[in-house]
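Chains as they are written, first to last, in the numbering used here: chain U, 1 to 726; chain D, 1001 to 1087. Using N, Cα and C, we set each Cβ at its ideal position, and we do this for glycine too. Please read all numbers here as calculations on a predicted model, not as lab measurements. See structure below.
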């Protein structure tokens, strides 16, 4: 009896140990390979002799993900404490890296819907900003206001049509505003997954454009303490950013803690003037605690982000000159107008394992405060958005091939205005309840399919009881995937919806940051989308490509339309609905790896999209077609501590398929290059340096909100990134 | 190396703060052509700055700015601009 009580109270004292070995196909040990225990998010490294030890209990049927650069990643399902031997074969072409999704714990090769998983380190290259890194993916772009404010655009859609999740908690940060950025940085983030289009049924309402799922870095293996320091500098905005990370694990508890501070001054334009008030700064703090017993895994994560962002191109003149918006000196200190964005995200994630089934209970809370100042002491708007979420997911393996998942998602959101000059967003409560069920079948002959259904209810009510409305909708997602020899075909059809945001329904006031008087419409209906998505992939030893056409139709598309008038001397905009719009395009990725230069990796990607209304007019703010090429030479045997050299080129075609009130954009090409050195003595560090926009090209991105002022983006800039592992 | 990195980080972390609570302010008045006319009203600091931005300013007499005459009277806080205009 006492033993039972003891084991219930202190389950981890009854631990087991699992030994393993990772080798190549010639049975030679692979040192320093990653063995990720997916359920507990713990990373174990292999020793010089290829062996590894898992010194804590892990739930049976958990997935172990084994990877090493230059080898084909592998996953195995852990079922007992026997000694594990894992063989990795050499990887030549990496068109779609085998990753385990944090969204549904499936391998990327077994996905039936379009989920792209990337380690953040794979995306970075010359990028020093999280959103800029994401825009290296095909079909993904960024919408910017200067240098600091950036939003992700997926297949032409952004804002409330793209759902952002951080470790499973949905990020709510007044994303209706085109000048309201993502709100956090890459601090402690290990992986990003992108679902393009509305097929992500488990994320529920609103994800018509897609979903972006950020996952934190894994914990280190037990009895390890690791510290790292990342320092970045970029010359065009004199940006510096410093991050410190501390990872520590015992047999029972695991913890990761990070802190960050970054600051950028006004950025230099190609004509050597500076864009006044494009400065920004950010402070971040993040901590995660993990605990795992034999059949229970608990992760508690907290993140705090504080951002100060200057709002450039501010003028009280109707048509300011470029001279009025630029400066001859580069300043960093906060001025006005300025946006302050504070975000707290708390996430408590419980995962219970019962033989062939498991239950995930996730409780999340996010508090966002958005303040916009034009005066020094009195905010124009000051609003708190408090969102509490509860998600339950029950998964069960019915047979070896058939699995079933059922889940609920509920959230309660309170929007609360503080004392300010304007109340642009009303005080409102939003309640969401969703229920979904998902059936997956994976046949032995590499055919997999998925059927998912979802029902949602959203209630929006103003606190003063002047408005209250319920919205109900049903969604469906159907996917089929087939693999044979070197071919992989994946096809999905999804229907989804997006309920109007209370801002779109009830806005009435001046949005100072965008210099618009915005008026909502309480009669707006729910947007409904249907998407057909097809991916064909082919890989050989040295060449691989995939081609991904898609077609999406959205009815009752909500749009902010300019009116030919002004209120309070500010241009008037109304929220309206278009009967139907279509988005169609194609994405293509190609990876070439010449046999005679094995260290050279060549990647190309093409993103083509077009958005049209039912009347045949083009949709506003559609990204121009993009052609990207990356060349990377990885030194197998380090010479002079050289690790790799890379060259990146992006060409944006002219965008002349524009809406009635929109101006076209010129084509432009950007060239970046960099070099990385690695040093491994007592302290291990690597340093990357390079040049962005080598040709000092003056260009105005089509999706820049400063396009109407003809303000170019950053000119040539030099960057350095130093990573020190202590 | 460890100590040096930490010292560098701490130095950078705390090197960029600034405290300047005084600002030049002006009344922003719209003329008949809808153009903004500025009447300088001096420098305001701390609580005086909060007060003028929250409660506004009383212009004692008409002011001639170029071809415009800005009338005397009470101007609300929203008409008082203290942000940096000279870059």
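| Query | Result |
| --- | --- |
| Is it a yes or a no for the region 198-211 of chain U touching the region 287-298 of chain U, going by three-plus beta-carbon pairs under 8 Å? | no |
| So, are the CB atoms of residue 331 of chain U and residue 266 of chain U less than 8 Å apart? | yes |
| If we call anything under 8 Å between Cβ atoms a contact, is residue 143 of chain U one with residue 208 of chain U? | no |
| What do you get for residue 409 of chain U, buried or exposed, if any count of 16 or more other CB atoms within 10 angstroms of its CB means buried? | buried |
| Pull out every residue of the region 494-523 of chain U whose Cβ sits closer than 7 Å to any Cβ of chain D, in chain order. | none |
| Which residues of chain U have a Cβ atom closer than 7 Å to the Cβ of residue 1082 of chain D, listed in chain order? | 375 and 376 |
| For the alpha helix (DSSP H) containing residue 505 of chain U, name the first residue and the last one. | 502-506 |
| With burial defined as no fewer than 16 other Cβ atoms inside 10 Å of the residue's Cβ, what is the status of residue 709 of chain U: buried or exposed? | buried |
| Would you kindly check if the distance between the Cβ of residue 526 of chain U and the Cβ of residue 553 of chain U is under 8 Å? | no |
| Evaluate residue 27 of chain U with the Cβ neighbour count: other Cβ atoms within 10 Å of its Cβ, from every protein chain shown; 16 or more gives buried, anything less gives exposed. | exposed |
| Counting contacts by CB-CB distance shorter than 8 Å, is residue 708 of chain U in contact with chain D? | no |
| To the nearest whole angstrom, what separates the beta carbons of residue 377 of chain U and residue 1053 of chain D, a pair I think is in contact under 8 Å? | 5 Å |
| Of all Cβ atoms in chain C, is any one closer than 8 Å to the Cβ of residue 569 of chain U? | As a matter of chain content, chain C is missing from the structure shown, whose protein chains are U and D. |
| Which residue wins for smallest C-alpha separation from residue 329 of chain U, given the options U:382, U:617, U:272 and U:698? | U:272 |
| Check residue 597 of chain U in the structure and name its three-state DSSP category. | coil |
| Is the region 569-576 of chain U touching the region 613-624 of chain U in the sense that three or more CB pairs, one from each, lie closer than 8 Å? | no |
| Using the C-alpha atoms, what's the distance from residue 179 of chain U back to residue 260 of chain U? | 23 Å |
| Where does residue 410 of chain U sit, in a helix, a strand or coil, going by DSSP? | strand |
| Per DSSP, which one or two residues make a beta bridge with residue 29 of chain U? | U:23 |
| Any beta carbon of chain U sitting closer than 8 Å to that of residue 1034 of chain D? | yes |
| Only counting runs of 4 or more residues, tell me where the alpha helix (DSSP H) segments fall wholly within the region 498-560 of chain U, in order along the chain. | 502-506 |
| Checking 8 Å against the spacing of the C-beta atoms, do residue 382 of chain U and residue 362 of chain U come in under that value? | no |
| Anyone know if the C-beta pair for residue 647 of chain U and residue 673 of chain U falls short of 8 Å? | yes |
| Under 8 Å, Cβ to Cβ, is there at least one residue of chain U near residue 1042 of chain D? | no |
| Please check if any C-beta of chain U sits within less than 8 Å of the C-beta of residue 1028 of chain D. | yes |
| Which residues bound the beta strand (DSSP E) around residue 363 of chain U? | 357-373 |
| By alpha-carbon positions, which one of U:480, U:219 and U:157 ends up nearest to residue 254 of chain U? | U:219 |
| How should residue 1076 of chain D be labelled, buried or exposed, when 16 other C-beta atoms within 10 angstroms of its C-beta is the threshold for buried? | exposed |
| Answer with buried or exposed for residue 688 of chain U, where buried requires no fewer than 16 other C-beta atoms within 10 angstroms of its C-beta. | buried |
| Distance cutoff 8 Å, beta carbons only. Does residue 1024 of chain D sit that close to anything in chain U? | no |
| Would you check if the distance between the CB atom of residue 136 of chain U and the CB atom of residue 127 of chain U is smaller than 8 Å? | yes |
| For residue 586 of chain U, which residues of its own chain have a beta-carbon under 6 Å away from its beta-carbon, when the five flanking residues on both sides are left out? | 549 and 608 |
| Going straight from the alpha carbon of residue 658 of chain U to that of residue 392 of chain U, what length do you get? | 43 Å |
| Is the beta carbon of residue 167 of chain U less than 8 Å from the beta carbon of residue 216 of chain U? | yes |
| In three-state DSSP terms, what is residue 150 of chain U? | strand |
| To the nearest angstrom, how far is it from the Cα of residue 302 of chain U to the Cα of residue 54 of chain U? | 27 Å |
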